[in-house]
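In this text, residue positions in the sequence shown follow our numbering: the first is 18, and each later residue adds one.
By construction, the Cβ of each residue, glycine as well, lies at the ideal position given by its N, Cα and C atoms.
Source: prediction; values computed, not measured.
Take a look at the structure below.
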Amino acid sequence: MSNNILSTELCGIKMPTPVIAASGTFGFGEEFIDFVDLQKLGAVTVKCITLKPRAGNKGVRIAETPSGMLNAIGLENPGLDHFLDQILPRIARQNFNIIVNISGSTVGDYAQLADALDVDGISAIELNISCPNVKDGGIIFGTDPNAAANVTRAAKNSTSKPVIVKLSPNVTDIVSIARAVVDAGADALSLINTLMGMQIDINSWRSVLGNITGGLSGAAIKPVAVRMTYQVAQAVDVPIIGMGGIRSTEDAVEFFLAGADAIAIGTANFADPSITMKIADGLENYLRTRGLNNISELVGRVRL
């Protein structure tokens with residue numbers, strides 16, 4: 018894998034490839050060392066961090082669906098202090114770009130997290146304003162333009178790091194949310210987060226998930242994610258990280274053509290822990306086959 022043909026820059030962050038590991042599917046990066054050369058990834062977006070440790074939701078938290086999965090993990094994580102004291106020093110030694118996904122129940126939570134994470138070793142912060150499997154906080158911010166803008170502004174005013182806002186697909190008009198957070202100072206956008214879904218056990222007549230609803234991810238959501246990436250790319254002038262159901266080089270190319278500047282791999286990591294490397298290699302081959310010099314030559318080039 019050569020550096021020049023896949024190399025890119027996102028909000029000033031130099032990336033050897035435009036392939037990022039998505040939050041919640043890649044742990045803190047170190048869990049994948051046996052399968053992935055972390056320094057060849059564009060970045061690792063680590064597991065979501067909240068101010069205090071969270072045990073997550075009770076009951077069944079993952080369910081397989083046709084061409085995807087439902088998850089209701091509930092943002093289980095060790096909390097801010099443990100991440101800063103124990104995890105960050107350890108993973109920073111691996112020398113890869115670290116993006117920290119954060120979530121809170123109030124605007125003040127996001128500001129406090131952004132401030133505390135404004136430290137060496139962190140490349141950017143991603144605001145999780147749209148987690149559909151947590152009963153408090155995030156889903157409210159992610160579905161209302163004013164609330165989303167308030168969270169973005171508070172985080173941006175609290176850190177010198179680039180602020181990436183992760184958008185929810187569970188809205189009528191994702192473009193209005195995108196414009197609101199960009200106007201509030203977002204440096205980049207990532208989309209889409211999971212779609213809200215539900216599965217019922219026809220024998221017990223009960224919801225399969227302990228949380229009743231959960232976030233749908235995987236191949237089933239890719240057409241929605243490509244469409245939303247295209248719509249948002251037409252409306253804003255900040256970098257976009259496209260995600261949602263990417264399992265192959267062909268899937269990734271679709272997102273670039275739709276307007277994504279980078280892509281993130283999520284659920285596919287569970288089926289194949291080396292998938293990020295395979296897609297990066299596939300992208301290089303795709304570009305060379307077509308006589309292209311850099312991944313940027315694909316961005317937004319869909320022919321309508």
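Just confirm the distance between the C-beta atoms of A197 and A237, as a whole number of angstroms; I'd bet it's less than 8 Å. Incorrect: roughly 28 Å between the Cβ atoms, too far for contact.
Alpha-carbon to alpha-carbon, E81 and A89: 12 Å
By Cβ distance below 7 Å, which residues in the same chain neighbour S291 in space, the five residues on each side in sequence not counted? F52, V53
Which residues does DSSP pair with S234 in a beta bridge? M86
Span of the alpha helix (DSSP H), counted from its first residue to its last, around A164: 162-173
Look at the alpha carbon of G138 and the alpha carbon of H99, and state the distance between them as a whole number of angstroms. 15 Å
Close Cβ partners of K75 (< 6 Å) along its chain, the five nearest in sequence each way excluded: G227
Thinking C-beta only, is A201 closer than 8 Å to F169? Residue identity check: residue 169 is Thr in the sequence provided, not Phe. Their beta carbons are under 8 Å apart, which means T169 touches A201 by this criterion.
Could you name the residues of the same chain whose beta carbon sits closer than 6 Å to that of D153, not counting the 5 residues immediately before and after it, in chain order? Caution applies to D153, whose pLDDT of 47 falls short of 50 and renders its modelled position unreliable; the value that the coordinates give is listed next. Excluding positions up to five away in sequence, the list reads S122.
Assigned exposure category for P240 - 16 Cβ within 10 Å defines buried: exposed
I181 beta carbon less than 8 Å from that of D161: no
Using a Cβ-Cβ cutoff of less than 6 Å, which residues in the same chain neighbour Q248 once the five nearest sequence positions on both sides are dropped? V192
Alpha carbon to alpha carbon, what distance is there between K64 and L130? 14 Å
Counting C-beta neighbours from all protein chains within 10 Å, is the total for V151 16 or more, i.e. buried, or is it exposed? With a pLDDT of only 49 at V151, under 50, the local geometry of the prediction cannot be trusted, and no value is derived from it.
By alpha-carbon positions, which one of L87, S177, P35 ends up nearest to L55? P35
List, from N- to C-terminal side, the alpha helix (DSSP H) runs of 4 residues or more that fit wholly inside the region 245-302. 266-275, 285-288
Taking buried to mean at least 16 other C-beta atoms within 10 Å of its own C-beta, is K173 buried or exposed? buried
Going by the CB atoms, is the gap between M86 and G235 shorter than 8 Å? yes
For the structure I just gave you, are there three or more beta carbon pairs, one from the region 215-232 and one from the region 242-258, closer than 8 Å? no
First and last residue of the beta strand (DSSP E) that includes G73? First-last for G73: undefined, no H or E at that position.
Hey, I22 and N114: beta-carbon distance below 8 Å or not? no
With distances taken Cα to Cα, identify the nearest neighbour of I116 among L321, G125, L105, D126. L105
Option nearest I37 by Cα separation, candidates F45, T62, L321: T62
Could you work out which residue in K178, G159, M215, L27 is closest to D190 when comparing CA atoms only? G159
I'd like the list of long-range same chain contacts for G125, defined as Cβ closer than 8 Å, with 5 residues on each side in sequence excluded. A171
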